[in-house]
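Asker: Chains as they are written, first to last, in UniProt numbering: chain A, 1 to 197; chain B, 1 to 197; chain C, 1 to 197; chain D, 1 to 197.
Think of the CB as a built atom: it goes at the ideal place given N, C-alpha and C, for glycine as much as any other residue.
Only a predicted model underlies this, so the values are computations on that prediction, with no experimental measurement involved.
One structure, pasted below without further comment.
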DNA sequence: CATGAATGAGAATTCATTCAT
DNA sequence: AATGAATGAATTCTCATTCAT
């Protein structure tokens, strides 16, 4: 399938995506120390040279991949988030969305976590990813104004909400935690207890 | 300083430590994709060949380094933890110990997080690191028995406590959060609220 | 010269041969203890990396080189060997062919001898090279049936024929023997005397 | 056990021999391309540094080892060779001696053959090993004078005698030939037929 | 656009050798 | 004499990238 873009003409979206998927998979399997452009090419079933048709170099590819995944996470997380909803309902929606994304996108999630914990995030001069959490940030500010949430530092409250979910997901993928209905309910309750006024 | 062992004569403990420190620093600066044995040797001010006097290979060195750091974190975290202390006091002590460690051992902490989020943790066949958290685990079980803590899955409660601290520390080192007295107090309070019955 | 294969495009037969020749020459000059892939690359006027486009690794290259040379020796040795020729005529033809090959292919011959006397022959799991001598073997069996040759172990008769030529060739290349017409005639005569009934 | 020599005082003959044996064995097992001073040291159960107490360097060690083995072969080969014995008896004695040596000293024999077929023989500036065959040479000259042997080039006659034995020994160690009484008798007979007038 | 042969720099590791003990 | 830790050069091989096709 060939797609015509304004600045990316004749480029095959499937190949681009195949390269992204191959990179994500390999990064989760063997990590940054063992990955290489030829291994990625082999996994993506393209020639090493082809990667350089789509990306300037390895760094450029990784940066674009990271932004792509970050975008996916962000849009999944805030899907269906209409402002009129009350604060707590929005909190619960975001939590559910996030959990759903994590459980259905193992590779993207683990890649993102690995990437965020490596110095690449800084070294690739990726703009502040907090933009991605903007709606989350606003929700918390609003909750503080409505005295629903504790009057703590906003970043602190934010982290109290998303850090446990992410960490539990990793434990889940290491088979040390189970994501059943009860645990999800408990998690959402406990997170709310942490931040509620 | 030279240490004499029965089967390992003249082996210099400083060199071992210098290699560890060089690796930790470089890993935080340039990451797994850019690190190399020669760069480590240069930073540690030893010859590349010397690393192989102390370690079988790169993998062996990283495994031993990881276990070494994990041990440091564990012993710091549970320092002064006497059983007679009531559950909440022990909870607060662990939190303070952990925060103190993180703030005084930037390199070790960031290395540990990077390592845990890479596939190396599984690929190096490291024995279950949950042993390290054993006292923490027991504390939570005890808290549940005393009806002080929610009757939730133990791993869930564990994560609700340590995940936010760790995540905030990373935000702190990215200059997106401040670890002042108030924030620390708030964090401990909120974490307790998350897990308390 | 560029050859197009179905699954091996653009691969240059000259480069393959250049690598083989460089290896043979260096092996005869400095031996297995001093040879290296970079020295081979330099001699063959290719980049070290290029060798790995043509061969999996050093072992694979040496194995393929050995089989290549063995094939050359075999086809030279039995060139023009028509079955109708009487046993003695065939014996003499093989001897002449072999001597001619040895004198015109110093490098290949000395490489072959060095290789056969090293443990590589066994360690590379090379299939039984006796296949190469199959026509020779058959000639001797036939000679024994016709009562022209001694009724000795076939391998014994085989060795009585080819071992002296090969050894004399080595002495020749060490300037301790001369391969003039008389010596060649004498050698063939003496070899025949050794095996004839 | 410590032995006192004039120019090799306090040096342990056992260690010297252990190093020689380790080298011979390893050379037969893995060859020149894979051998190393540390592997030799490990096999000889001495420290790498110890080798340099006995030898100047690797080259010096190999040279001395070669000369040592050559000496052993030579003295075995000509053992019991009294001049009064008739030519044919001496021929048969040398053959028997040589076969006996080969069958009882696999490692030394194979090492010698490997070494002689490598460029090391020339590169180590080893003096003409033909000195070793001096008595053999003389025997043939004498046989020619007595018209017992063909009036061929002496080297040619020499090679006709020793090359087949050596080659058969190699086939024997590759399990492609059997050294039973009959074969030995046949070999000596055929070799004599090759050279006798 | 897609290929894969070609490259030289750099990767992990081993080498022969030295020297303080 | 004997050790083995230490070394920097050299080993095999892989890397990111280029470019002719």
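What does residue 183 of chain C touch in chain D if you count any residue whose Cβ is under 8 Å from its own?
Answerer: The sequence position of residue 183 of chain C within the third chain is 183, counting from 1. In chain order: 152, 153 and 156.
Asker: Shorter than 8 Å from the beta carbon of residue 160 of chain A to some beta carbon of chain B?
Answerer: Translated into positions along the first chain, residue 160 of chain A becomes position 160. At least one chain B Cβ lies under 8 Å of residue 160 of chain A.
Asker: Please list the terminal residues of the continuous alpha helix (DSSP H) segment that includes residue 43 of chain B.
Answerer: Counting from one through the second chain, the residue named residue 43 of chain B turns up at place 43. Start and end: 37-44.
Asker: Note down, in chain order, all residues in the stretch 90-121 of chain A with a beta-carbon under 7 Å from any beta-carbon belonging to chain B.
Answerer: 113, 114, 117, 118, 119 and 120
Asker: What do you reckon, are the CB atoms on residue 110 of chain A and residue 94 of chain A nearer than 8 Å?
Answerer: Position 110 of the first chain, counted from the first residue, corresponds to residue 110 of chain A. Position 94 of the first chain, counted from the first residue, corresponds to residue 94 of chain A. For the 8 Å CB-CB criterion, residue 110 of chain A and residue 94 of chain A do not form a contact.
Asker: Any C-beta of chain C within less than 7 Å: which residues of the UniProt domain "HTH tetR-type" (13-73) of chain D qualify?
Answerer: 28, 29, 30, 31, 32 and 33
Asker: Following the continuous alpha helix (DSSP H) through residue 91 of chain C, name the residue where it begins and the one where it ends.
Answerer: Here residue 91 of chain C refers to the residue found at position 91 of the third chain. The continuous alpha helix (DSSP H) containing residue 91 of chain C extends over residues 87-104.
Asker: Drop a sphere of 10 angstroms on the beta-carbon of residue 167 of chain C, count the other beta-carbons inside from all chains shown, and report buried for 16 or more, exposed for fewer.
Answerer: Counting from one through the third chain, the residue named residue 167 of chain C turns up at place 167. Buried.
Asker: Using the rule of at least 16 other Cβ atoms within 10 Å of the residue's Cβ for burial, across every protein chain shown, is residue 162 of chain A buried or exposed?
Answerer: Reading the first chain from its first residue, position 162 is the one you call residue 162 of chain A. It counts as buried.
Asker: Along the chain, where does the alpha helix (DSSP H) containing residue 71 of chain A start, and where does it finish?
Answerer: Here residue 71 of chain A refers to the residue found at position 71 of the first chain. Unbroken alpha helix (DSSP H) run through residue 71 of chain A: 58-77.
Asker: Does the separation of the CB atoms of residue 66 of chain D and residue 133 of chain D fall below 8 Å?
Answerer: Residue numbering aside, residue 66 of chain D sits at position 66 when the fourth chain is read from its first letter. Residue numbering aside, residue 133 of chain D sits at position 133 when the fourth chain is read from its first letter. Cβ distance not < 8 Å, so residue 66 of chain D and residue 133 of chain D don't count as in contact.
Asker: Which residues does DSSP pair with residue 196 of chain A in a beta bridge?
Answerer: Along the first chain, read from residue 1 onward, the residue named residue 196 of chain A stands at position 196. Beta-bridge pairing links residue 196 of chain A to A:149.
Asker: Please list, in chain order, all residues of the same chain as residue 187 of chain D whose beta carbon is under 7 Å from its beta carbon, the five residues on each side excluded.
Answerer: Along the fourth chain, read from residue 1 onward, the residue named residue 187 of chain D stands at position 187. Counting only Cβ-Cβ distances below 7 Å, and skipping sequence neighbours, we find 164, 165 and 168.
Asker: So, for residue 112 of chain B: in the same chain, excluding its five sequence neighbours on each side, which residues have a beta-carbon less than 8 Å away from its beta-carbon?
Answerer: Here residue 112 of chain B refers to the residue found at position 112 of the second chain. Cβ neighbours of residue 112 of chain B beyond the five flanking positions: 66, 69, 70 and 73.
Asker: Report the neighbours of residue 191 of chain B on chain A: residues whose CB is nearer than 8 Å to its CB, in chain order.
Answerer: In the second chain, the residue the question calls residue 191 of chain B occupies position 191. Going along chain A in sequence order, the residues near residue 191 of chain B (Cβ under 8 Å) are 160 and 194.
Asker: Quick one: is residue 176 of chain B near chain A, going by C-beta distance under 8 Å?
Answerer: Locating residue 176 of chain B in the second chain gives position 176, where the first residue counts as 1. Closer than 8 Å: yes.
Asker: Just the Cα atoms here: how many angstroms apart are residue 55 of chain A and residue 125 of chain A?
Answerer: Position 55 of the first chain, counted from the first residue, corresponds to residue 55 of chain A. Position 125 of the first chain, counted from the first residue, corresponds to residue 125 of chain A. In a straight line, the C-alpha of residue 55 of chain A is about 17 Å away from that of residue 125 of chain A.
Asker: Roughly how many angstroms lie between the CA atoms of residue 175 of chain A and residue 101 of chain A, to the nearest whole one?
Answerer: Within the first chain, residue 175 of chain A is the residue found at index 175, counting from 1. Within the first chain, residue 101 of chain A is the residue found at index 101, counting from 1. Rounded to whole angstroms, residue 175 of chain A to residue 101 of chain A spans 18 Å at the Cα level.
Asker: Using a threshold of 8 Å, state whether the C-beta atoms of residue 87 of chain B and residue 158 of chain B are closer than that.
Answerer: Residue mapping note: residue 87 of chain B aligns to position 87 of the second chain, counting from 1. Residue mapping note: residue 158 of chain B aligns to position 158 of the second chain, counting from 1. No. Outside cutoff.
Asker: Name, please, each residue of chain D whose Cβ falls closer than 7 Å to the Cβ of residue 167 of chain C.
Answerer: By 1-based counting over the third chain, the position of residue 167 of chain C is 167. What residue 167 of chain C touches in chain D: 159 and 163.
Asker: With 8 Å as the threshold, decide whether the Cβ of residue 149 of chain B is near any Cβ in chain A.
Answerer: Within the second chain, the letter at position 149 stands for residue 149 of chain B. Not one chain A Cβ lies under 8 Å of residue 149 of chain B.
Asker: Can you tell me whether residue 7 of chain C is helix, strand or coil according to DSSP?
Answerer: In the third chain, the residue the question calls residue 7 of chain C occupies position 7. Low local confidence applies: a pLDDT of 41 at residue 7 of chain C is under 50, so the model's placement there is unreliable, with the coordinate-based value given in what follows. Three-state DSSP puts residue 7 of chain C in coil, outside helix and strand.
Asker: Can you round the beta-carbon distance between residue 39 of chain A and residue 26 of chain A to whole angstroms, since I take them to be within the 8 Å contact cut?
Answerer: The sequence position of residue 39 of chain A within the first chain is 39, counting from 1. The sequence position of residue 26 of chain A within the first chain is 26, counting from 1. Indeed they touch by this definition, with Cβ atoms about 6 Å apart.
Asker: Quick one: Cα of residue 131 of chain B to Cα of residue 51 of chain B, how far?
Answerer: In the second chain, counting from the first residue as 1, residue 131 of chain B sits at position 131. In the second chain, counting from the first residue as 1, residue 51 of chain B sits at position 51. Those two C-alpha atoms are separated by around 29 Å.
Asker: Give the single residue among D:21, D:43 and D:12 whose Cα lies nearest to the Cα of residue 106 of chain D.
Answerer: For the purposes of this step, residue 106 of chain D is identified with residue 106 of the fourth chain, where counting begins at 1. It is D:21.
Asker: Quick check: what's the CA-CA separation for residue 8 of chain A versus residue 122 of chain B?
Answerer: Here residue 8 of chain A refers to the residue found at position 8 when the first chain is read from its first residue. Here residue 122 of chain B refers to the residue found at position 122 when the second chain is read from its first residue. With a pLDDT of only 46 at residue 8 of chain A, under the threshold of 50, the placement of this residue in the model should not be trusted, and no figure is reported.
Asker: Quick one: list the residues of chain D neighbouring residue 171 of chain C, beta-carbon separation under 7 Å, in chain order.
Answerer: The residue you call residue 171 of chain C lines up with position 171 of the third chain. Simply 155 and 159.
Asker: For residue 44 of chain B, count neighbouring C-beta atoms within 10 Å of its own C-beta (all shown protein chains included) and say buried if the count is 16 or more, exposed if not.
Answerer: For the purposes of this step, residue 44 of chain B is taken as residue 44 along the second chain, with counting starting at 1. The residue in question, residue 44 of chain B, is buried, as its Cβ has 16 or more Cβ neighbours within 10 Å.
Asker: Find the residues of chain D that neighbour residue 187 of chain C, judging by a C-beta separation of less than 7 Å, and give them in chain order.
Answerer: By 1-based counting over the third chain, the position of residue 187 of chain C is 187. Near residue 187 of chain C (Cβ distances below 7 Å), the residues of chain D are 156.
Asker: Along chain C, which residues have their Cβ under 8 Å away from the Cβ of residue 130 of chain D?
Answerer: Translated into positions along the fourth chain, residue 130 of chain D becomes position 130. 176, listed in chain order.
Asker: Please say whether residue 195 of chain D and residue 190 of chain C have beta carbons closer to each other than 8 Å?
Answerer: If you number the third chain from 1, residue 190 of chain C lands on position 190. If you number the fourth chain from 1, residue 195 of chain D lands on position 195. Yes; because the gap between Cβ atoms is below 8 Å, this pair is in contact.
Asker: Could you pull the start and end residues of the alpha helix (DSSP H) that residue 117 of chain C belongs to?
Answerer: Translated into positions along the third chain, residue 117 of chain C becomes position 117. Element bounds for residue 117 of chain C: n/a, residue is neither H nor E.
Asker: Please classify residue 49 of chain A: is it buried, with 16 or more other beta-carbons within 10 angstroms of its beta-carbon, or exposed?
Answerer: Taking the first chain and counting its residues from 1, the one referred to as residue 49 of chain A is at position 49. Around the beta carbon of residue 49 of chain A, a 10 Å sphere encloses fewer than 16 other beta carbons of the protein chains shown; the residue is thus reported as exposed.
Asker: Here's the rule I'm using: 16 or more other beta-carbon atoms within 10 Å means buried, otherwise exposed. How should residue 141 of chain C be labelled?
Answerer: As a first step, residue 141 of chain C is located in the third chain; it is residue number 141 there, counting from the start. Residue 141 of chain C should be labelled exposed.
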